[in-house]
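Sequential numbering from 295 applies to the sequence shown in this note's numbering. Quick reminder that beta carbons are idealized off the backbone N, C-alpha and C, glycines included.
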Amino acid sequence: MPVSHARATAVTSTDEDACGDVPGLLEVLARVPDPRKRRGRRYPLVFVLAVAVACVLAEAKSFREIGDQAADLPQEVLGRLGGRPHPLLRRIIAPSEKRIRTLVHAIGADLLDELIGGWLRALADAGRLDRLLTAIAIDGKWLRGVADGQVKLFAALLHEGKVMIAQHRIPDDTTETTQVRALLDSVDLENAVVTADAAHAQRETAEYIAGERESDYFLFVKGNQPSLQQAIFEAIQHDGPREPDCTELDYSHGRIIRRSIWVTSADGAGFPHADRIVRIRRDGYDLDGTLISKEIVHAVTSLTEDRASAADLARIARGQWGIESVHWRHRLRGGFEHRLRRQRPPGHGHVPEPGHQPALPRRRHRDHPHPPGHRTRPDPHAQLPAAMRRLHK
């Protein structure tokens, strides 16, 4: 389970004191209305949903994988998820893949996403110091091989743990930049900073996050906003410090990365609710100390100096880059509506030939001659009479 910062009792406990003011998963799922008729209910609804959520959090990518993982759950885990022993078998029976799929489709994806995403968001804040910000990244990804063909999902993810807390399907006739409000309306943005790539450096997005929701943003700026990019560049060149405000070294992935950050006031940038502008330079070196790459990026943020230092801004930027490099549909779910209906595309599991050429036909045994001196295995039917050999053909 990727929610490593939560207590184990917070997952199944119904006591709010188990993890601060955060209710347990069973209590959250108890708010879901049961679409079934009273007659013929074999499993409690909370138990079926809790098993499905636990399996999805454990990286199950389809209803079939949920059914397989549910069948392997030990009795103790099934009991903590709300299961009851069978009166005759004297043990807890896990729900099947078909029963889970039928119930999830009957309930709908929106309600489950809102409840579970809000629960994960509350768990992320449990035990966090008041001054520490919760960084939430928004990003869109294409999902291929689903039942509807290609689906683009817009998701909100926590930097810590890469946990998805909200998602929204982007209509085919628009882009993700117009769906920020629809995605974040159900997300608690108190004491949070929303990070996004350069595509979301829009005035409407800044007004919604910092103005209407009274939260903070950290948005990268590139060539899609040329006037803002030019204003940030000139402000850094004229008013920014000569020496970086913060420098850090990263020795992971077999190379050395030095990140330097310059921060100055956003006066004159003309961007809504902007307080500071940021320049980040990333220098890449090999293990011998030879410079192999250099990249300079700019960003604008509404975070004031008393809420986030230069080191905090560097950490927030690094978290956004980490989110962009993760295929987040494998982290939590591509949605109960989409990912759990995911189908395998044609040719799944076969390694393509170089250059995308069609696969060569399988060679026969005669194309692999035996080495000299090899003794072939005798045919067991060769010593049989002719009449019996015809029976064995």
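- Quick one: what's got a C-beta closer than 6 Å to E589's C-beta in the same chain, skipping five residues either side? Against the sequence shown, residue 589 aligns to sequence position 295. Cβ neighbours of E589 beyond the five flanking positions: R576.
- Could you tell me which of L522, I526, A563 and H592 sits nearest to R553, measuring between CA atoms? Position 259 of the sequence shown, counting from 1, holds the residue named residue 553. Minimum Cα distance to R553 is reached at H592.
- Contact check, H567 vs S603, beta carbons under 8 Å: Locating residue 567 in the sequence shown gives position 273, counting from the first residue. Locating residue 603 in the sequence shown gives position 309, counting from the first residue. The answer is no: Cβ separation not under 8 Å.
- Simplified DSSP state of Q496, which is helix, strand or coil: Translated into positions along the sequence shown, residue 496 becomes position 202. Coil, per DSSP.
- Message: Using the three-state DSSP reduction, which class does P652 fall into: helix, strand or coil?
- Response: Locating residue 652 in the sequence shown gives position 358, counting from the first residue. Because the pLDDT at P652 is just 48, under 50, the model does not fix this residue reliably, and the value given afterwards should be weighed accordingly. Three-state result, P652: coil.
- Message: My assumption, with CB atoms under 8 Å, is that R378 sits in contact with I386. Please give the rounded CB distance.
- Response: The residue given as residue 378 occupies position 84 in the sequence shown. The residue given as residue 386 occupies position 92 in the sequence shown. With a Cβ gap of about 7 Å, R378 and I386 count as contacting.
- Query: Tell me the DSSP bridge mates of P379?
  - Reply: For the purposes of this step, residue 379 is taken as the residue at position 85 of the sequence shown. Bridge partners of P379: I386.
- Return the CA-CA distance between E537 and P368, expressed in angstroms with no decimal places. Position 243 of the sequence shown holds residue 537. Position 74 of the sequence shown holds residue 368. Each residue's alpha carbon lies about 58 Å from the other.
- Query: Based on the DSSP output, what are the partners of R592 in its beta bridges?
  - Reply: One-based indexing of the sequence shown puts residue 592 at position 298. The amino acid at residue 592 is misidentified as Arg; the sequence shows His. According to DSSP, which records beta bridges pairwise, H592 is partnered with V515 and R573.
- Identify the residues that DSSP records as bridge partners of K435: which are they? Walking along the sequence shown from the start, residue 435 turns up at place 141. Paired residues: L447.
- Limits of the unbroken alpha helix (DSSP H) element including T396: Taking the first residue of the sequence shown as position 1, residue 396 is located at position 102. From DSSP, the alpha helix (DSSP H) with T396 extends over E391 to I401.
- Task: Tell me, please, which residues DSSP counts as bridged to I550.
- Result: Working through the sequence shown from its first residue, we reach residue 550 at position 256. DSSP, once it has assigned bridges, lists Y579 as partnering I550.
- Task: Please go through the same chain and pick out, in chain order, the residues whose beta-carbon is closer than 7 Å to the beta-carbon of G373, but skip the five residues on each side of it.
- Result: As a working mapping, residue 373 is identified with position 79 in the sequence shown. These residues qualify, in order along the chain: I386.
- Message: With the cut-off set at 8 Å, would you say R325 and L406 are in Cβ contact?
- Response: Reading the sequence shown from its first residue, position 31 is the one you call residue 325. Reading the sequence shown from its first residue, position 112 is the one you call residue 406. Cβ distance not < 8 Å, so R325 and L406 don't count as in contact.
- Drop a sphere of 10 angstroms on the beta-carbon of Y337, count the other beta-carbons inside from all chains shown, and report buried for 16 or more, exposed for fewer. Counting from one through the sequence shown, the residue named residue 337 turns up at place 43. Label assigned to Y337: buried.
- Message: Suppose the cutoff is 7 Å on Cβ atoms and the five residues either side in sequence are ignored; what does the same chain contact list for G361 look like?
- Response: As a working mapping, residue 361 is identified with position 67 in the sequence shown. Contacts found: S390, E391 and I394.
- Go ahead and label G402 buried or exposed: buried means 16 or more other beta carbons lie within 10 angstroms of its beta carbon, across all protein chains shown. Within the sequence shown, residue 402 is the residue found at index 108, counting from 1. Exposed is the call here.
- Message: Given a cut-off of 8 Å on the beta-carbon distance, is the pair A449 and Q461 in contact?
- Response: To locate residue 449, count along the sequence shown from 1; it is residue 155. To locate residue 461, count along the sequence shown from 1; it is residue 167. Yes, the pair counts as a contact, with Cβ atoms nearer than the cut-off.
- Message: Quick check on the burial criterion: 16 or more other C-beta atoms within 10 angstroms. Buried or exposed for G649?
- Response: Along the sequence shown, one-based indexing puts residue 649 at 355. Only weak support exists for where G649 lies, its pLDDT of 45 falling under 50; the value from the coordinates is given anyway. With fewer than 16 other Cβ atoms within 10 Å, it is exposed.
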